[in-house]
Amino acid sequence: MTYTQKIKLILALTACTIACSAPAAPGFEGIINAVTKQGNETNALLYTVGANSMRLELTAASSDESRATFPKPVDIVDRQTGVLTLLFPHNRSFVRLKPGAENAPRSAMPPMPPMAPGMSPPPAMPPMPPMTRLAEKRELKVTGETTNLLGLACARYEIKERGQTLEIWATDKLFPYQPYVSRQASRVGPRGIEEQWPELLKARNLFPLLAILKFEKGPERFRFEVKSIKPGKLTEADTKAFQPPPGYREIEPLPF
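Under numbering that gives the first Met the number 0, the residues of the sequence shown are numbered 0 to 255, in order.
#1: By alpha-carbon positions, which one of K97, P254, L253 and R248 ends up nearest to N90?
#2: Just tell me which of S227, Y46 and G191 has its CA closest to the CA of R212.
#3: Do you know offhand how far K172's Cα is from N39's?
#4: To the nearest angstrom, report how far apart Q183 and L233 are at their CA atoms.
#5: By the three-class DSSP mapping on this structure, what secondary structure does Q183 have?
#6: Which residues mark the beginning and the end of the alpha helix (DSSP H) in which A50 is found?
#7: Taking the alpha-carbon positions, what's the V76 to T164 distance?
#8: Using the C-alpha atoms, what's the distance from G246 back to C153?
#9: So for A43, helix, strand or coil by DSSP?
#10: Suppose the cutoff is 6 Å on Cβ atoms and the five residues either side in sequence are ignored; what does the same chain contact list for A134 look like?
#11: Thinking just about the alpha-carbon of each residue, which of F223, V94, P72 and L55 is nearest to the one in P254?
Structure below.
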């Protein structure tokens with residue numbers, strides 16, 4: 000190996016070492032304000048996003064007076080493990096859910112209870128009719144359209160199903176989408192488009208700036224819209240809110 004070749008090799012190894020030891024680009028930290036609308040109900044949603052955790056909470060009373068007194072759980076998400084903690088301020092309790100527990104795949108029917116010893120098995124159930132449309136795999140369709148929302152480059156995606164269209168403008172410059180969860184979901188029955196689209200975005204590391212679900216010839220059914228994004232380091236008081244408050248008792252997840 001010549002002297003010139005040795006120098007080139009040393010420079011290449013040095014560059015590789017520097018690149019490999021450089022810290023990864025930090026993820027988004029800061030505050031996001033969003034609004035959700037569904038039917039007559041409008042809610043203001045606050046994301047407080049730290050390096051390792053985020054907190055989601057409703058910041059204004061529901062516009063639907065019939066729901067104004069409903070409990071308003073708070074979500075705390077560990078960004079490293081995906082563990083979701085639901086805080087219930089109305090009774091000072093909390094529950095921890097492993098990743099996927101809040102939106103785990105649902106079974107078409109609840110399981111049959113175990114039989115007592117000595118009992119004969121029940122007659123065979125007739126075969127269920129095919130549920131092709133319900134079991135149909137949903138996918139985000141890339142439309143190729145792009146725009147800029149709140150200073151972020153966004154691409155348009157859509158899902159069409161049974162006369163409904165979900166239009167999503169999403170960016171890869173924030174973090175994988177985490178929807179607000181108010182309770183542990185049941186796993187019985189098929190899942191609707193409203194329940195599955197957050198997972199499709201999360202799988203692509205996308206966050207929506209605007210999402211609208213509507214009938215092809217009719218009104219909107221659902222809207223999620225980000226109103227403001229404020230990047231920045233959180234205060235010590237903000238980060239303390241990523242833990243259940245003192246005096247809260249932990250409860251077990253629902254068995255289903």
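C-beta atoms are modelled at their ideal positions from N, C-alpha and C, and glycine is treated no differently.
According to the structure shown:
#1: R248
#2: For the sequence presented, residue 212 should be read as Leu rather than Arg. Checking every option, the nearest Cα to that of L212 belongs to G191.
#3: 32 Å
#4: L233 has its alpha-carbon roughly 28 Å from the corresponding atom of Q183.
#5: coil
#6: Unbroken run through A50: none, as it is neither H nor E.
#7: Computed Cα separation, rounded: 29 Å.
#8: 43 Å
#9: Strand.
#10: Caution is warranted here: a pLDDT of 44 is assigned to A134, below 50, making its placement in the model unreliable, and the coordinate value is therefore given only provisionally. So no residue of the chain qualifies.
#11: V94
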